[in-house]
Amino acid sequence: MGVSVAGEIFESFLYYPERIPREMPPPGWTPAGAREVWMDDEDSTRIHGLWWGEPADRPAILFLHGNAQEVFSWSLVREDLKRLGCRMLLIDYRGYGKSEGTPDEAGLYMDGRAALGWLEDNGVPASQTVVFGKSLGGGVACEIARGKELNGLVLESTFTSLASVASNLFPFAPSAVPAGNAYDSLSKLPEIKCPVLVIHGDIDMLIPVDEGLRLFEAAGEPKELFIVRGAGHNDVSIVAGPEYGERISDWLDSRQ
886 MGVSVAGEIF
896 ESFLYYPERI
906 PREMPPPGWT
916 PAGAREVWMD
926 DEDSTRIHGL
936 WWGEPADRPA
946 ILFLHGNAQE
956 VFSWSLVRED
966 LKRLGCRMLL
976 IDYRGYGKSE
986 GTPDEAGLYM
996 DGRAALGWLE
1006 DNGVPASQTV
1016 VFGKSLGGGV
1026 ACEIARGKEL
1036 NGLVLESTFT
1046 SLASVASNLF
1056 PFAPSAVPAG
1066 NAYDSLSKLP
1076 EIKCPVLVIH
1086 GDIDMLIPVD
1096 EGLRLFEAAG
1106 EPKELFIVRG
1116 AGHNDVSIVA
1126 GPEYGERISD
1136 WLDSRQ
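This is the structure in C-alpha cells:
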C-alpha cells in the first residue's frame, strides 16, 4: 500500500461529513425546544448549531459530536441526556451539515472555541458549561477546555491521540499513521483543571477501552470513570440504558 493511498484511507476515516441544505428545517424527530443558531469562527467561517435554552437555571452542555453525520441526526442525543435537565448547544463542525468550510484539526478547534464564545455571549459563562466530546469530539473538547474554568468535561469513546488510534486501525500500514501530536488529548489533560468524566464501552473495536483508561489516568482530580459493559463505539447509551443518564446526572449534580 502506498503512502498516498494509506493517507486517503485514514482521511476518509477521520472526517466523514454529511451536508444538508441551508434552507432545510429541523426534521420532525428533533427533540422539542430546538432553535437553529449561527456563530462566526475567528477565520469568519459560519458554523451552524442547535440550541435548547431551557431550563435557564441549569448548566449548559456543549456537545461536540463524532466524525460522521450532522446536527439533525445527532439531535437525538438530547433525549439521551434528558435526565440531566440541562440546556444544550449542539454544533456542526466546518464542512458538516449547514456549516461552511472544510474540516481539519485547526479548524475544528476554532469551531469549538466559537461555540464557547457563543454561549458566553448568550449569558452562559464557562463556569456553567459542561463540554461533552464524543469520539472525535473528545479531541476537540480537550483542546478548548485548556485554560477554561469549566463546570466539567465529559469524554465518551475518545482516543488519546490520532497516532494512537491510527496505529490500532492500520497496523499493516505504518505510513497511514500521522506524525506529530495531532489531536493529542493525552498530553492536554494535565492542563485541564475542571472535573472530568470518562465514559467508554469495554468492547469498543474502533477506539479500544484502553484509550479511555489512559485518558482517565492522565486526568487530574476530581475525575470519574464509567465503563459500560458490553458496549461498543456507537451504542454506549443504548447498552447502558437508564444508567447512562443517571450516572452523568449524578456526576454533574454532585457539584451543583
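For the sequence shown, position 106 matches number 991 in the numbering used here, and the numbering has no gaps at all. From the three backbone atoms N, C-alpha and C, an ideal C-beta is built for every residue, glycine too.
How about residue i and residue j: do their beta carbons lie closer than 9 Å?
i            : j            : result
residue 1100 : residue 1074 : yes
residue 1014 : residue 993  : no
residue 1148 : residue 1071 : Nothing can be reported for residue 1148, as the shown portion of the chain is limited to 886 through 1141.
residue 1114 : residue 1124 : yes
residue 961  : residue 916  : yes
residue 996  : residue 926  : yes
residue 934  : residue 976  : yes
residue 970  : residue 938  : no
residue 1032 : residue 924  : no
residue 998  : residue 1134 : no
residue 1089 : residue 1116 : yes
residue 990  : residue 941  : no
List the endpoints of the continuous beta strand (DSSP E) containing residue i.
i            : result
residue 948  : 945-949
residue 1041 : 1037-1041
residue 1086 : 1081-1086
residue 983  : It is not in any beta strand (DSSP E) - residue 983 carries neither H nor E in the DSSP assignment.
Go to residue i, then tell me how far its alpha helix (DSSP H) extends in each direction, as first and last residue.
i            : result
residue 878  : In the structure as shown, the chain begins at 886 and stops at 1141. Residue 878 is therefore absent and cannot be evaluated.
residue 1029 : 1021-1030
residue 1101 : 1094-1103
residue 1120 : From DSSP, residue 1120 is part of no alpha helix (DSSP H); its letter is neither H nor E.
residue 995  : 990-1006
When you compare the CB of residue i with every CB in chain D, is at least one pair closer than 9 Å?
i            : result
residue 1052 : The structure shown contains no chain D; it is built from a single protein chain.
Sort out for me which residues DSSP pairs residue i with in a bridge.
i            : result
residue 932  : 924
residue 956  : DSSP lists no partner for residue 956.
residue 1014 : 945
residue 976  : 934, 949
residue 1113 : 1086
residue 901  : 953
residue 919  : 937
residue 967  : In DSSP, residue 967 forms no bridge with anything.
residue 1108 : 1081
Apart from the five residues just before and just after residue i, which ones in its own chain have a Cβ nearer than 8 Å to its Cβ?
i            : result
residue 890  : Residue placement at residue 890 is flagged as unreliable, the pLDDT there being 42, under the threshold of 50; a coordinate-derived value is accordingly withheld.
residue 1005 : 1011
residue 988  : 900, 902, 978, 979, 980, 981
residue 1106 : none
If you drop the 5 nearest sequence neighbours on each side, which residues of the same chain put their C-beta closer than 6 Å to that of residue i?
i            : result
residue 981  : 902, 955
residue 965  : 1122
residue 1039 : 1017, 1082
residue 1028 : 994
residue 1103 : 1071, 1074
residue 936  : 920, 922, 974
residue 984  : 932, 933, 977
residue 1091 : 1118
residue 1084 : 1041, 1111
residue 1037 : 1015, 1079, 1080
residue 1148 : Because the chain in this structure spans residues 886 to 1141, residue 1148 falls outside the shown range and cannot be described.
residue 907  : 983
CB-CB under 7 Å to residue i, same chain, minus the five flanking residues each way: which ones, in chain order?
i            : result
residue 1053 : 1093
residue 959  : 950, 975
residue 928  : 995
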